[in-house]
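Notes follow once the structure below has been shown.
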Amino acid sequence: MSTISHQTYPFTPGAEDRTDLLLIDDDPSDVLMVEKMLAESGMDAEITVAGDLATARRVLTRRTQCIIVDLSAPGLDRLDGLRQVLALSGPAAVVVLTGLDDAHLGVQAVAAGAEDYLVKQEVDPPLLARAIRYAIERKRSEETERRLVEARILGRENARLERGLLPVPLIDDPSLRHHTRYRPGRRRALLGGDFYDTVQTEGGAVHLVIGDVAGHGPDEAALGVQLRMAWRTLVLAGHTGDQLLGTLDTVLGHERRSEEIFTTLCMITIAPSRRTARMHLAGHPAPLLFRESPGEGGSGDAAGREVTALPEYAHGPALGLVPGAEWPTTEIDLGESWSLMLYTDGLIEGKVGAGSDRLGTDGLVDLARAARGGGATGRSLIDELVTEVERLNGDALTDDLAVLLLSRQDDPVGAGRPSHF
Numbered sequence: 287m288s289t290i291s292h293q294t295y296p297f298t299p300g301a302e303d304r305t306d307l308l309l310i311d312d313d314p315s316d317v318l319m320v321e322k323m324l325a326e327s328g329m330d331a332e333i334t335v336a337g338d339l340a341t342a343r344r345v346l347t348r349r350t351q352c353i354i355v356d357l358s359a360p361g362l363d364r365l366d367g368l369r370q371v372l373a374l375s376g377p378a379a380v381v382v383l384t385g386l387d388d389a390h391l392g393v394q395a396v397a398a399g400a401e402d403y404l405v406k407q408e409v410d411p412p413l414l415a416r417a418i419r420y421a422i423e424r425k426r427s428e429e430t431e432r433r434l435v436e437a438r439i440l441g442r443e444n445a446r447l448e449r450g451l452l453p454v455p456l457i458d459d460p461s462l463r464h465h466t467r468y469r470p471g472r473r474r475a476l477l478g479g480d481f482y483d484t485v486q487t488e489g490g491a492v493h494l495v496i497g498d499v500a501g502h503g504p505d506e507a508a509l510g511v512q513l514r515m516a517w518r519t520l521v522l523a524g525h526t527g528d529q530l531l532g533t534l535d536t537v538l539g540h541e542r543r544s545e546e547i548f549t550t551l552c553m554i555t556i557a558p559s560r561r562t563a564r565m566h567l568a569g570h571p572a573p574l575l576f577r578e579s580p581g582e583g584g585s586g587d588a589a590g591r592e593v594t595a596l597p598e599y600a601h602g603p604a605l606g607l608v609p610g611a612e613w614p615t616t617e618i619d620l621g622e623s624w625s626l627m628l629y630t631d632g633l634i635e636g637k638v639g640a641g642s643d644r645l646g647t648d649g650l651v652d653l654a655r656a657a658r659g660g661g662a663t664g665r666s667l668i669d670e671l672v673t674e675v676e677r678l679n680g681d682a683l684t685d686d687l688a689v690l691l692l693s694r695q696d697d698p699v700g701a702g703r704p705s706h707f
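Numbering (this note's numbering), first residue to last: 287 to 707.
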């Protein structure tokens, strides 16, 4: 026979806040004994009684702080039964309160994970209340320690990933400043499907790439790393433009686990003069270009700063969608002092306020103008944009996010370099 009952004892002066307990015991006299002892101890407790394990599973809630179990209850075969209780307990502490006066069983019960082992004949009200309080606090301490250990492990793994999987830019031009922000969307994930890289090749050209593998799982994250490494290898081998993207498209076709997986990508090659660039878009959002307006404004006047999205009329499909696709080239006039910000769609797909409208590229341009007008540059510019996007979204962004910002200040020393590719 299974029973469920709720008993709440009034708060007494000096007692702690209410404690939610689950008592697994089918003997009415033992249940009454526990209720009386807790009442006499002054513990403010709400007790849910379950006569067997099946009932306990149904009535256990996230509010339950401690499970008190009699190992002789129906469906509980001593140590095996305790293991079943421990398996369903979650964050709740488990205290054994039984008529079985067996020291060996008590040691085994604590070793299995019970916070305490009490014999009914030897328990009085203060001892029972104290055992429950201590059990709850021990369980909380264990949970806190477990989370700290997880955080330390995660931190070490993240550091290894930053060294091994996330790229180190290959740039030796002192006039360039390189900043990035990377954050996977999956909870507790170490890496997402977004990727980026920056490589300067012999002759002085600087190549940028940012991409987004469709999906959010570990397979997509691994594919993103493969594509980035393939891109870097191809660039260092002298491949550029449409030819490079065609080869990368072939790599994607061989490495993806499903034909439905595709990758959007933006690739920019900056001339050795640092005044012009070539862009290829493969189904990816257009980057932002920050420039100092000639004439009025100067270097310190916000009115002299331009923020625009690069044109996206010349673009090709995402990689992995169209066999034999082509990706046209867009020529870009950068000017003397500029910044290029490449990003994945995680930055622009957040909602704007309570409505269903997405921020989009135009909305990001407006935010970037405000941030740049306020003097934000470099890493602070990226951080300010991400913070404002999340504020408008009403919550943290759930998609993978990657941002790459490359900036150049006017460099008179480089005036003699060729102005084109």
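All C-beta atoms in this analysis are idealised placements derived from N, C-alpha and C, irrespective of residue type, glycine included.
Valine 675 versus leucine 645 - alpha carbon distance: On the sequence shown, residue 675 is found 389 positions in, with the first residue counted as 1. On the sequence shown, residue 645 is found 359 positions in, with the first residue counted as 1. Each residue's alpha carbon lies about 8 Å from the other.
Boundaries of the beta strand (DSSP E) in which histidine 493 is found, first to last residue: By one-based count along the sequence shown, residue 493 stands at place 207. 492 to 499 is the span of the beta strand (DSSP E), which, as asked, contains histidine 493.
Candidates Leu372, Thr549, Ile556, Gly497: closest to glycine 490 by CA position: Position 204 of the sequence shown, counted from the first residue, corresponds to residue 490. Nearest of Leu372, Thr549, Ile556, Gly497 to glycine 490, Cα basis: Ile556.
Beta-carbon proximity of leucine 628 to leucine 690, cut-off 8 Å: Translated into positions along the sequence shown, residue 628 becomes position 342. Translated into positions along the sequence shown, residue 690 becomes position 404. For leucine 628 and leucine 690, yes; Cβs fall inside 8 Å.
For phenylalanine 481, the nearest candidate out of Val492, Tyr468, Pro314, Thr487 (CA to CA): Against the sequence shown, residue 481 aligns to sequence position 195. Nearest C-alpha to phenylalanine 481: Tyr468.
Distance, leucine 667 Cα to alanine 588 Cα: Stepping through the sequence shown from its first residue, residue 588 is reached at position 302. Stepping through the sequence shown from its first residue, residue 667 is reached at position 381. Low per-residue confidence applies at alanine 588: pLDDT is 44, beneath 50, and the placement is therefore not dependable, though the value from the model is reported in the following sentence. If I take the Cα positions, the gap works out to 14 Å.
Valine 485 - partner residues in DSSP beta bridges: Here residue 485 corresponds to residue number 199 of the sequence shown, with the count starting at 1. By DSSP's assignment, valine 485 forms a beta bridge with Leu456, His493.
Span separating the alpha-carbon of glycine 610 from that of alanine 568: Position 324 of the sequence shown, counted from the start, is the residue given in the question as residue 610. Position 282 of the sequence shown, counted from the start, is the residue given in the question as residue 568. Rounded to whole angstroms, glycine 610 to alanine 568 spans 13 Å at the Cα level.
Close Cβ partners of aspartate 306 (< 7 Å) along its chain, the five nearest in sequence each way excluded: Translated into positions along the sequence shown, residue 306 becomes position 20. Counting only Cβ-Cβ distances below 7 Å, and skipping sequence neighbours, we find Glu332, Arg349, Thr350, Gln351.
Within the region 515 to 596, ranges of the alpha helix (DSSP H) (whole runs, at least 4 residues): 527 to 541
Alpha carbon of arginine 677 to alpha carbon of aspartate 686, nearest angstrom: One-based indexing of the sequence shown puts residue 677 at position 391. One-based indexing of the sequence shown puts residue 686 at position 400. Spanning the two alpha carbons is a distance of roughly 17 Å.
Cβ shell of tryptophan 613 (< 6 Å), same chain only, five flanking positions each side left out: If you number the sequence shown from 1, residue 613 lands on position 327. Hits under 6 Å: Asp528, Leu531, His566, Ala568, Gly602.
For aspartate 312 and glycine 337, believed in contact at Cβ under 8 Å, the rounded distance: Translated into the one-based positions of the sequence shown, residue 337 becomes position 51. Translated into the one-based positions of the sequence shown, residue 312 becomes position 26. So it is a contact: roughly 4 Å between Cβ atoms.
Rounded straight-line distance, which links the Cα of histidine 464 to that of proline 558: Residue 558 sits at position 272 when you count from the first residue of the sequence shown. Residue 464 sits at position 178 when you count from the first residue of the sequence shown. Per the coordinates, the alpha-carbon of proline 558 lies some 16 Å from the alpha-carbon of histidine 464.
Boundaries of the alpha helix (DSSP H) in which alanine 682 is found, first to last residue: For the purposes of this step, residue 682 is taken as the residue at position 396 of the sequence shown. From DSSP, alanine 682 is part of no alpha helix (DSSP H); its letter is neither H nor E.
Spatially closest choice to lysine 637 from Ala656, Ala662, Ala415, Gly680, by CA coordinates: In the sequence shown, counting from the first residue as 1, residue 637 sits at position 351. Closest option to lysine 637, Cα to Cα, is Gly680.
Range of the contiguous alpha helix (DSSP H) that encloses serine 375: Indexing the sequence shown from 1 puts residue 375 at position 89. The continuous alpha helix (DSSP H) containing serine 375 extends over residues 364 to 375.
Where the beta strand (DSSP E) through histidine 465 begins and ends: Position 179 of the sequence shown, counted from the first residue, corresponds to residue 465. Note, histidine 465: beta strand (DSSP E), 462 to 469.
Own chain, CB closer than 7 Å to threonine 533, minus 5 neighbours either side, in chain order: Start at 1 with the first residue of the sequence shown, and residue 533 comes out as number 247. Contacts found: Leu520, His525.
Best match in Pro412, Leu391, Val409, Val382 for proximity to glutamate 401 [C-alpha to C-alpha]: In the sequence shown, counting from the first residue as 1, residue 401 sits at position 115. Among Pro412, Leu391, Val409, Val382, the Cα nearest to that of glutamate 401 belongs to Val382.
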